[in-house]
Amino acid sequence: MPELPEVETVRRSLTPHLVGETILSATLFRADICETHDQRPATDDTLLAHATIARIDRKGKQLALIATDGRVLNIHLGMSGQVLIRDQHPEATENHVHALWTTSGSRAVMIFKDPRRFGGLWTFPTIDLLNERRWSLLGPDALDALPSVWAPALRRGDRAVKAALLDQRAVAGVGNIYADEALFRIGIRPTTRTKRLSIAASLQLATTVRSVLAESVAARGSTLRDYRDADGFPGRQQLEHRVYGRSGQTCLTCGSRLRGGQVGQRTTVWCPKCQPSQTKHSERVKL
DNA sequence: CTTATGACCTGATAGC
DNA sequence: TGCTATCAGGTCATAA
Numbered sequence: 021m022p023e024l025p026e027v028e029t030v031r032r033s034l035t036p037h038l039v040g041e042t043i044l045s046a047t048l049f050r051a052d053i054c055e056t057h058d059q060r061p062a063t064d065d066t067l068l069a070h071a072t073i074a075r076i077d078r079k080g081k082q083l084a085l086i087a088t089d090g091r092v093l094n095i096h097l098g099m100s101g102q103v104l105i106r107d108q109h110p111e112a113t114e115n116h117v118h119a120l121w122t123t124s125g126s127r128a129v130m131i132f133k134d135p136r137r138f139g140g141l142w143t144f145p146t147i148d149l150l151n152e153r154r155w156s157l158l159g160p161d162a163l164d165a166l167p168s169v170w171a172p173a174l175r176r177g178d179r180a181v182k183a184a185l186l187d188q189r190a191v192a193g194v195g196n197i198y199a200d201e202a203l204f205r206i207g208i209r210p211t212t213r214t215k216r217l218s219i220a221a222s223l224q225l226a227t228t229v230r231s232v233l234a235e236s237v238a239a240r241g242s243t244l245r246d247y248r249d250a251d252g253f254p255g256r257q258q259l260e261h262r263v264y265g266r267s268g269q270t271c272l273t274c275g276s277r278l279r280g281g282q283v284g285q286r287t288t289v290w291c292p293k294c295q296p297s298q299t300k301h302s303e304r305v306k307l
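Taking my numbering as reference, the numbering of the first sequence is continuous, increasing by one, and the terminal residue is 307.
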C-alpha cells in the first residue's frame, strides 16, 4: 500500500513522538521479519533499546530511525505494513503485531504491524552500513532529487515506461498508484516503450511524477483500505485519483471510457484518448 | 547484461 | 451461511 507519500507521512507523523526521545525496550515477536547486519539474531540492543532517536530519514519507500550513537533501524512497510504509536500495549487478540517498542514519549508504545509480511526491519550499527547494504541500491529519491537527475533513467533500456517508473533503482518511491496518475497527467500511455521516449518527454514525466507525489504528501497520502499514519489517521489523496481504481469509468478530462489491463505485472488504468499510443505521443509530447 | 514471470503472504470481496 | 476464486499500495529470485 504505501508509496513515497504515505511513507513520508508516516515519517512526519512519527517524528514528534520519537525524535529526542529514548527507546526504553524493544521486543521482536517474529524473528523472520527482521534482518541484522551480520545475520545474527536481533536483540533488543540491535533494535535500538536504550538509544535516543536523533532523526528519521526516508529514501523512496523506506524509513530509517537514526540513533544518536549511530545505530539504525530500517523499516520497509511492504504492501500492508504500519508503524503505529499507541498509548497502550496492543490487546493479545490483535494479529500481526511483529515488533513493539516502549519509549520515553508521552504516548509510550510503538508497534510494527504487517499482515502480509512483505515488509520488514533491518538493523545496522552505523548509517554507512545502511547506505552500503540497502540505500545505495536505490535510485535517487523521487521527491528530494531534481527530476533532471533521474529523468535519463526513465529512458534506459527498452521496456514499458511504467515498468521504469516502478523500478526502484531508476527512481525511488514511485508505486502503482502514482505511476498511473503521473502518466495520465502528462498524457503518456503506460505501455510506451522507453526507447520511444524523447529526452524532453522523460524530463516532463519526471517533473510530473514529483508534482504528483508532492501533492499527495500535502494531502497526507492515499488511504484505499488499511493505510494509516503513525497516529492512525487516513490520508485524503484518494479523492483526487484520476485513473487509479477507475477502470471502465469515464475519463474526467475527456469522457472516454478508461481502459484497464496489466502492464509490468501490475494492474494499470489509462485513458485511450488523453494518453495516445506511442507513435502519436512522440509527435505530441516532444518539445 | 536486460527484461519478464512467478513466488512470497493474508484479508477483503465477489460470485455461486 | 459457506465455500472458492480473485485481487491488493511491493519486492525478490529465477528464467529466458
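Virtual Cβ for every residue (Gly too), placed ideally from N, Cα, C.
Only a predicted model underlies this, so the values are computations on that prediction, with no experimental measurement involved.
(1) On the premise that G125 lies in contact with E41, defined as a C-beta separation below 8 Å, what is that separation, rounded to the nearest angstrom?
(2) Can you tell me whether G177 is buried or exposed, with buried defined as 16 or more other CB within 10 angstroms of its CB?
(3) Grab the span of the alpha helix (DSSP H) containing V310 for me, first residue to last.
(4) Assuming contact is defined by CB atoms lying nearer than 8 Å, are G90 and P145 in contact in what I supplied?
(5) Determine the direct distance from the alpha carbon of R154 to that of P296, and round the result to whole angstroms.
(6) With a threshold of 16 other CB atoms inside 10 Å of the CB of F49, please say whether the residue is buried or exposed.
(7) Would you be able to state if there are at least three C-beta pairs under 8 Å between the segment 129-141 and the segment 102-121?
(8) For G139, which option in Q285, Q82, D161 and A112 has the closest C-alpha, if you only look at C-alpha atoms?
(9) Using DSSP with H/G/I as helix, E/B as strand and the rest coil, what is N196?
(10) Helix, strand or coil: which one does DSSP assign to L83?
(11) Less than 7 Å between C-beta atoms, sequence neighbours within five positions excluded: which residues of the same chain meet that for D251?
(12) With H, G and I counted as helix, E and B as strand and the rest as coil, what does DSSP make of R91?
(13) Is the separation between the beta-carbon of R179 and that of L157 shorter than 8 Å?
(14) Where does Q102 fall in DSSP's three states?
(15) Applying the 10 Å Cβ sphere with the 16-neighbour rule, what's the burial state of V169?
(16) Looking only at its own chain, which residues have a Cβ that is under 8 Å from the Cβ of V39, when we skip the five neighbours before and after it?
(17) Report the three-state DSSP secondary structure of T29 (helix, strand or coil).
(18) Can you tell me which of the three DSSP states R262 falls into?
(19) If you draw a straight line from the alpha carbon of A234 to that of L163, how long is it in whole angstroms?
(20) Once the 5 residues before and after A309 are set aside, which same chain residues still bring their CB inside 6 Å of it?
(21) Please state whether the Cβ-Cβ distance between A232 and R266 is less than 8 Å.
(22) Keeping to the same chain, check which residues put their C-beta closer than 8 Å to that of K182; ignore five residues upstream and five downstream.
(23) For the candidate residues L150, E152, V229 and A220, whose alpha-carbon lies nearest to that of L186?
(24) What is the rounded straight-line gap between the Cα of E303 and the Cα of G159?
(25) Are the CB atoms of G207 and C271 nearer to each other than 8 Å?
(26) Given this structure, state the Cα-to-Cα distance separating H261 from T214, to the nearest angstrom.
Let me lay it out:
(1) The residue labelled residue 41 in the question sits at position 21 within the first sequence. The residue labelled residue 125 in the question sits at position 105 within the first sequence. The pair is a contact, with the Cβ atoms about 5 Å apart (cut-off 8 Å).
(2) In the first sequence, counting from the first residue as 1, residue 177 sits at position 157. Counting Cβ neighbours within 10 Å, G177 comes out exposed, since fewer than 16 surround it.
(3) The requested residue 310 does not occur in the structure, where the chain is confined to residues 21 to 307.
(4) Translated into positions along the first sequence, residue 90 becomes position 70. Translated into positions along the first sequence, residue 145 becomes position 125. Taking 8 Å as the Cβ cut-off, G90 and P145 qualify as a contacting pair.
(5) Along the first sequence, read from residue 1 onward, the residue named residue 296 stands at position 276. Along the first sequence, read from residue 1 onward, the residue named residue 154 stands at position 134. Taking the straight line from one Cα to the other gives about 38 Å.
(6) The sequence position of residue 49 within the first sequence is 29, counting from 1. Label assigned to F49: exposed.
(7) yes
(8) Translated into positions along the first sequence, residue 139 becomes position 119. Out of Q285, Q82, D161 and A112, Q82 has the C-alpha closest to the C-alpha of G139.
(9) Walking along the first sequence from the start, residue 196 turns up at place 176. Helix at N196.
(10) Position 63 of the first sequence holds residue 83. Of the three classes helix, strand and coil, the one that applies to L83 here is strand, per DSSP.
(11) One-based indexing of the first sequence puts residue 251 at position 231. Contacts found: S33 and I105.
(12) Looking up residue 91 in the first sequence gives position 71. Reduced to three states, the DSSP call for R91 is coil.
(13) Position 159 of the first sequence, counted from the start, is the residue given in the question as residue 179. Position 137 of the first sequence, counted from the start, is the residue given in the question as residue 157. No, these two residues do not count as a Cβ contact at 8 Å.
(14) To locate residue 102, count along the first sequence from 1; it is residue 82. Strand at Q102.
(15) For the purposes of this step, residue 169 is taken as residue 149 along the first sequence, with counting starting at 1. V169 is exposed by the Cβ-count criterion.
(16) Here residue 39 refers to the residue found at position 19 when the first sequence is read from its first residue. Excluding sequence neighbours, V39 sits near I73, A74, R75 and I76.
(17) Here residue 29 is taken as the residue at index 9 of the first sequence, counted from 1. Here T29 sits in helix by DSSP.
(18) Sequence index remark: in the first sequence, residue 262 carries index 242 (1-based). Here R262 sits in coil by DSSP.
(19) Locating residue 234 in the first sequence gives position 214, where the first residue counts as 1. Locating residue 163 in the first sequence gives position 143, where the first residue counts as 1. Taking the straight line joining both Cα atoms gives about 7 Å.
(20) In the structure displayed, the chain extends from 21 to 307; residue 309 sits before or after that span and is not available.
(21) Looking up residue 232 in the first sequence gives position 212. Looking up residue 266 in the first sequence gives position 246. The identity of residue 232 in the sequence shown is Val, whereas the question assumes Ala. Contact flag unset, no.
(22) What you label residue 182 is simply residue 162 of the first sequence in a count that begins at 1. The residues are A199, D200, L203, P210, T211, V283, G284, R286 and T288.
(23) Counting from one through the first sequence, the residue named residue 186 turns up at place 166. The candidate whose alpha carbon is nearest that of L186 is V229.
(24) Residue numbering aside, residue 303 sits at position 283 when the first sequence is read from its first letter. Residue numbering aside, residue 159 sits at position 139 when the first sequence is read from its first letter. Because the pLDDT at E303 is just 48, under 50, the model does not fix this residue reliably, and the value given afterwards should be weighed accordingly. If I take the Cα positions, the gap works out to 29 Å.
(25) On the first sequence, position 187 is the one that residue 207 refers to. On the first sequence, position 251 is the one that residue 271 refers to. No, Cβ-Cβ distance for G207 and C271 is not below 8 Å.
(26) Taking the first sequence and counting its residues from 1, one reaches residue 261 at position 241. Taking the first sequence and counting its residues from 1, one reaches residue 214 at position 194. Taking the straight line from one Cα to the other gives about 25 Å.
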